[in-house]
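So the structure is just underneath, and the comments pick up after that.
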């Protein structure tokens, strides 16, 4: 492999490798079965999200700010899965662990971009719940479809800034090895800049900014939105009324828990310097990145009466058409 690859590209300031060797899961037994499992997770995520998007697209009664936000989340779920899992399957299942320099940086950008977008999408959904519950009489004028499209568009632009800057700073790093070994399951930002042989303090700072602004801050905003929601619910006279209003938030809370709890667990392990086996760490982070895109549409469908009602409506229409055709 090393004899066939061209020499390292050099200039007066840095040495750029021709690519990286993904070296995760070195000691995991039967790792092929794990990536077959991830392949099914990916296919399930595609099917579940496309079904949910189709239901929202075809049902005019779901063309509201709430379901525009849900459609946005499903689009991001498909994107983040596609940015991550196919490349992982190619690397580990088909033993193609060498990834060219440009391809690696491309995957790095798109994965971190869509991952940040997922975090912001949950904030947008929290904002929609906040407006609906705290301002029930004015929610239709405060949060219109046009305003929701604008907010989502702003998030798509905002989420790209830090990942783009992180890639720019990676291109300024010098690598002493022709093919650095990346101790991860994909072209992750941290494991890549740590292989540089010059100072990577700027990349470390950018990584910290990414975590603070696109992971921690969104979670804080979601928590604050639910503090306001709980305060608004406390003013409802009856317990039944409070529960009926809060029930509309349960799907969103489940999505927040699925996304943030595994992610924060991984960060806590790093921050507290706990001794964790590399393969265990990679297994945890890969599952926390792969499972939410599959679980999100399933949970939202099962926990949302409007979506379930539209599914039943489509099934009844389909059944009646078949009966009419047979008769």
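In the numbering used here, the protein residues as written are 1488 to 1814.
Idealized CB from N, CA, C, for every residue including glycine.
- In terms of Cβ geometry, residue 1649 and residue 1697 form a close pair [threshold 9 Å].
- In the three-state reduction of the DSSP assignment, residue 1625 falls in the coil class.
- If you ignore the 5 residues before and after residue 1617, its C-beta comes within less than 7 Å of the C-beta of 1712, 1715 and 1716, all in its own chain and listed in chain order.
- Taking residue 1504 as the centre and dropping the five residues before and after it, the same chain places the C-beta of 1495, 1588, 1662, 1664, 1665, 1666 and 1667 closer than 7 Å to its C-beta, in chain order.
- Among the bridge pairs identified by DSSP, residue 1507 is matched with 1586.
- Proximity of the stretch 1768–1784 to the stretch 1742–1754 meets the contact definition, three or more beta-carbon pairs being nearer than 8 Å.
- In this structure, residue 1512 lies away from residue 1520, with their beta-carbon atoms at least 9 Å apart.
- Here the alpha carbons of residue 1699 and residue 1754 stand approximately 11 Å from one another.
- Residue 1502 carries a strand assignment under DSSP once its states are collapsed to helix, strand and coil.
- Residue range 1632–1657 is occupied by the alpha helix (DSSP H) that includes residue 1653.
- By the C-beta criterion, the stretch 1573–1580 is judged to be in contact with the stretch 1522–1529, since at least 3 inter-stretch pairs fall below 8 Å.
- Counting of Cβ neighbours within 10 angstroms places residue 1540 among the buried residues, the total reaching 16 or more.
- Taking 9 Å as the cut-off, the beta carbon of residue 1601 is found closer than this to the beta carbon of residue 1563.
- Taking the Cα of residue 1687 as reference, the smallest distance to any Cα among 1574, 1657, 1634 and 1793 is reached at 1657.
- Non-local C-beta neighbours of residue 1736 in its own chain, meaning closer than 6 Å and more than five positions away in sequence, comprise 1616, ordered along the chain.
- Nearest in C-alpha terms to residue 1641, of all of 1549, 1603 and 1590, is 1603.
- When DSSP states are grouped into helix, strand and coil, residue 1666 belongs to the coil group.
- Looking at 1594, 1586, 1558 and 1559, the one whose alpha-carbon comes closest to that of residue 1571 is 1594.
- Taken in chain order, the complete alpha helix (DSSP H) segments of 4 or more residues contained in the stretch 1544–1585 are 1552–1575.
- A distance of 9 Å or more separates the beta carbons of residue 1607 and residue 1706.
- Here residue 1622 has 1629 as same chain residues with Cβ atoms under 8 Å from its own Cβ, once five neighbours each way along the sequence are excluded.
- Secondary structure within the stretch 1716–1778: the alpha helix (DSSP H) runs of 4 or more consecutive residues, fully enclosed, are 1726–1734, 1737–1758 and 1765–1777 (chain order).
- If you look at residue 1691, you'll find it in the alpha helix (DSSP H) that goes 1688–1698.
- Relative to residue 1768, the option among 1506, 1508, 1507 and 1514 whose CA is nearest is 1514.
- A distance below 9 Å separates the beta carbons of residue 1795 and residue 1788.
- Here residue 1681 carries a coil assignment [DSSP, helix/strand/coil].
- A distance below 9 Å separates the beta carbons of residue 1742 and residue 1612.
- For the pair residue 1721 and residue 1619, the Cα-to-Cα distance works out to about 15 Å.
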